[in-house]
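Student:
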């Protein structure tokens, strides 16, 4: 059984991966939207832990990448799988 500290750390690490992907995938748009990277990472981590609607937007974003961009399909699919795995662990 994972402790709350481990789940928080895993959520933070996955949030960093998601943020890094967004920056790499569309750098210009990323910097047009993101003013404080650390705040975005915290917001993603909180969404992962709480299952908020914000997370649905992230999953839809990744699904859109999977459907529209052959260069990033594998990474987007892997991140989407990691989100779903994390959600499954939280529900247990």
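Residue numbers (the working numbering): 2 to 93.
We put the CB at the ideal spot given by N, CA and C, even for glycine.
Predicted model, so just to flag it, every value in this text is computed and none were measured.
Answer yes or no: do residue 50 and residue 23 have a C-beta to C-beta separation smaller than 8 Å?
Tutor: Annotated as distal: residue 50 and residue 23, with beta-carbon spacing of 8 Å or more.
Student: Taking 8 Å as the cut-off, decide whether the C-beta atoms of residue 45 and residue 16 are in contact.
Tutor: yes
Student: Return the CA-CA distance between residue 90 and residue 20, expressed in angstroms with no decimal places.
Tutor: Straight-line Cα distance between these residues: approximately 21 Å.
Student: Rounded to whole angstroms, how far is the Cβ of residue 66 from the Cβ of residue 29, which I believe are closer than 8 Å?
Tutor: So it is not a contact: roughly 16 Å between Cβ atoms.
Student: Please list, in chain order, all residues of the same chain as residue 14 whose beta carbon is under 7 Å from its beta carbon, the five residues on each side excluded.
Tutor: The answer is none, since no qualifying residue turns up.
Student: Considering only the alpha carbon of each residue, which of 40, 39, 18 lies closest to residue 82?
Tutor: For residue 82, the nearest C-alpha among the options comes from 18.
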